[in-house]
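Each remark here refers to the structure printed beneath this line.
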Amino acid sequence: MLRPVTPSPPVGFYPYDVIRPSASPALMRERLLAYYTAWKSAFVRPGCTAGTLRVHSPDAAYPAIAEGQGYGLVIAASMAPLDGRARELFDGILGFVLEHPSHLDPDLMAAELDARCAARDGGDSATDGDLDIAYALLLADRAWGSAGRHDYRALAVRRIAAIKRSTVNRDSGLMLLGDWSTEGTRLHATSRTSDWNPLYFRAFQAATGDPAWAEITRAHRAAISGLQREHSPRTGLLPDFVRGDGPEPVTGRVLETAHDGDYGYNACRTPWRLGLDALLTGDAVTTAAARRMTAWFRSVTGDDPGRIGSGYALSGARYDADPDNAFWAPLAVSAMTDPAAQPWLDALWERLAAARVDPGHYFGDTLQLQVMIIVSGNYPRPD
Numbered sequence: 267m268l269r270p271v272t273p274s275p276p277v278g279f280y281p282y283d284v285i286r287p288s289a290s291p292a293l294m295r296e297r298l299l300a301y302y303t304a305w306k307s308a309f310v311r312p313g314c315t316a317g318t319l320r321v322h323s324p325d326a327a328y329p330a331i332a333e334g335q336g337y338g339l340v341i342a343a344s345m346a347p348l349d350g351r352a353r354e355l356f357d358g359i360l361g362f363v364l365e366h367p368s369h370l371d372p373d374l375m376a377a378e379l380d381a382r383c384a385a386r387d388g389g390d391s392a393t394d395g396d397l398d399i400a401y402a403l404l405l406a407d408r409a410w411g412s413a414g415r416h417d418y419r420a421l422a423v424r425r426i427a428a429i430k431r432s433t434v435n436r437d438s439g440l441m442l443l444g445d446w447s448t449e450g451t452r453l454h455a456t457s458r459t460s461d462w463n464p465l466y467f468r469a470f471q472a473a474t475g476d477p478a479w480a481e482i483t484r485a486h487r488a489a490i491s492g493l494q495r496e497h498s499p500r501t502g503l504l505p506d507f508v509r510g511d512g513p514e515p516v517t518g519r520v521l522e523t524a525h526d527g528d529y530g531y532n533a534c535r536t537p538w539r540l541g542l543d544a545l546l547t548g549d550a551v552t553t554a555a556a557r558r559m560t561a562w563f564r565s566v567t568g569d570d571p572g573r574i575g576s577g578y579a580l581s582g583a584r585y586d587a588d589p590d591n592a593f594w595a596p597l598a599v600s601a602m603t604d605p606a607a608q609p610w611l612d613a614l615w616e617r618l619a620a621a622r623v624d625p626g627h628y629f630g631d632t633l634q635l636q637v638m639i640i641v642s643g644n645y646p647r648p649d
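Per my numbering, the very first residue in the sequence shown carries number 267; after that it's consecutive.
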């Protein structure tokens, strides 16, 4: 059961949002809380040690992955003003994270765990999970302070240092795939665009005082602009994976599928990641990127989210027509950056509000919950 904290925070009013859904704040909060409650019931499971919790991922390669734990921590910290038991959820998942370090850099998390919580496929890290874990720890410090069971800020600073040490390409400044894609390995020059999160990099610099994060932020902003300018000037779509200092979209299967160089199940997160940075910082690059994607999706769907498919070439050619909230939900965040997109945002919110959690669909439903937190105005504001 939820134990609401009173008074509830004001809804909306991010520093740089230009539109918000037309639905009332009370209705949006009601739908958010209902979806959050259903999400916890479907995907939060006991860990393998008493007192720990894990986010269950039935549609991933393994039932517990670092990505899911990072998402769970961000969700719990974000919901602190609305759920008096959010800290219990956060600490339970955090305990699970800390029990499962990467065997290469123990300050990062092992990316994939089986049903018995044993590390699989090498026991090394995946960058996306650790980015969210580190940022969630900063949110937790803001929500609850760091004087309790865990020193959230100290844990965040330690993980941020490990991310820089083990998962940043020293030549390009872009994120590596994990602590395993080191110099000399086949995929060292490959980066996943859904890990390009300037909001986090700015927060990491503020938390640590390390000026290297300013250069890392600059490298990712330049890569975003360059890719859209050179490879998707009409659509603004980013590829799942890129290679090189340029960088360039990869060709064919590099890590996951033959569509690794297309807008697929990794890059579908970029309207959310870049849109959130735009909403909270007003950055010109991420705002322009979010608006470009918004304008293109509006043009090809006629403001109907039901026409969004689940995979596109950077040219805009759709190769998978099946609907999936992993693709349409993130577009609600980027829509909030565009003053012309009110009909589109309202259509997306109506679809979000009507959706129900599917216990077999961890990925899309977990993305949708994070989008609903943002679009309803309940994401933590910057300091």
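All C-beta atoms in this analysis are idealised placements derived from N, C-alpha and C, irrespective of residue type, glycine included.
Predicted model, so just to flag it, every value in this text is computed and none were measured.
Bounding residues of the alpha helix (DSSP H) (the contiguous stretch that carries residue i)
i: residue 545; result: 536-547
i: residue 307; result: 291-309
i: residue 611; result: 608-620
i: residue 551; result: 550-567
i: residue 418; result: 418-433
i: residue 341; result: 332-344
i: residue 353; result: 352-364
i: residue 464; result: 464-474
i: residue 597; result: 597-601
Nonlocal neighbours in the same chain, by C-beta distance under 6 Å from residue i, ignoring five residues either side
i: residue 509; result: 455, 456, 516
i: residue 610; result: 564, 569, 601
i: residue 288; result: 612
i: residue 506; result: 526, 530, 532, 533
i: residue 308; result: 623, 625
i: residue 576; result: 586, 588, 590, 593
i: residue 421; result: 403
i: residue 274; result: Residue placement at residue 274 is poorly supported in this model, since its pLDDT is 42, which falls under 50; the coordinates still yield a value, given next. For residue 274, where only same-chain residues beyond five positions count, there are no Cβ hits under 6 Å.
Residue i - DSSP class collapsed to helix/strand/coil
i: residue 638; result: helix
i: residue 404; result: helix
i: residue 370; result: coil
i: residue 277; result: Below a pLDDT of 50, predicted positions are generally treated as unreliable, and residue 277, at 43, falls in that range; no measurement from the model is reported.
i: residue 592; result: helix
i: residue 348; result: coil
i: residue 409; result: helix
i: residue 378; result: strand
i: residue 272; result: Low per-residue confidence applies at residue 272: pLDDT is 37, beneath 50, and the placement is therefore not dependable enough to give any value.
i: residue 267; result: Model confidence at residue 267 stands at a pLDDT of 45, short of 50, so the residue's coordinates are unreliable; what they give is reported in the following sentence. Residue state, collapsed to three classes: coil.
Identity of the residues DSSP links to residue i by a beta bridge
i: residue 507; result: 458
i: residue 320; result: 311
i: residue 484; result: DSSP lists no partner for residue 484.
i: residue 515; result: 508
i: residue 529; result: 578
i: residue 584; result: 578
i: residue 385; result: 379
Other residues of its chain near residue i: CB distance less than 7 Å, five sequence neighbours each side excluded
i: residue 583; result: none
i: residue 502; result: 494, 555, 558, 559, 562
i: residue 382; result: 314
i: residue 362; result: 313, 318, 319, 320, 335
i: residue 465; result: 542, 543, 546, 547
i: residue 360; result: 339, 416
i: residue 377; result: 331, 332, 390, 391, 392, 395, 444
i: residue 640; result: 542, 599
i: residue 302; result: 345, 635
Cβ neighbours of residue i in the same chain (closer than 8 Å, five flanking residues each side left out)
i: residue 608; result: 285, 288
i: residue 603; result: 282, 283, 284, 541, 544, 545, 553, 556, 557, 560
i: residue 304; result: 622, 623
Assess, as a yes-or-no matter, whether the stretch 383-394 is touched by the stretch 406-423 under the definition of 3 or more beta carbon pairs within less than 8 Å. no
Using 8 Å as the cut-off, can you tell me whether the stretch 314-327 makes contact with the stretch 626-634, which would need three or more C-beta pairs spanning the two stretches below that distance? yes
Taking one C-beta from the stretch 372-385 and one from the stretch 427-445 each time, how about it: are there three or more such pairs within less than 8 Å? Between the stretch 372-385 and the stretch 427-445 there are three or more inter-stretch CB-CB distances shorter than 8 Å, so the stretches are counted as touching.
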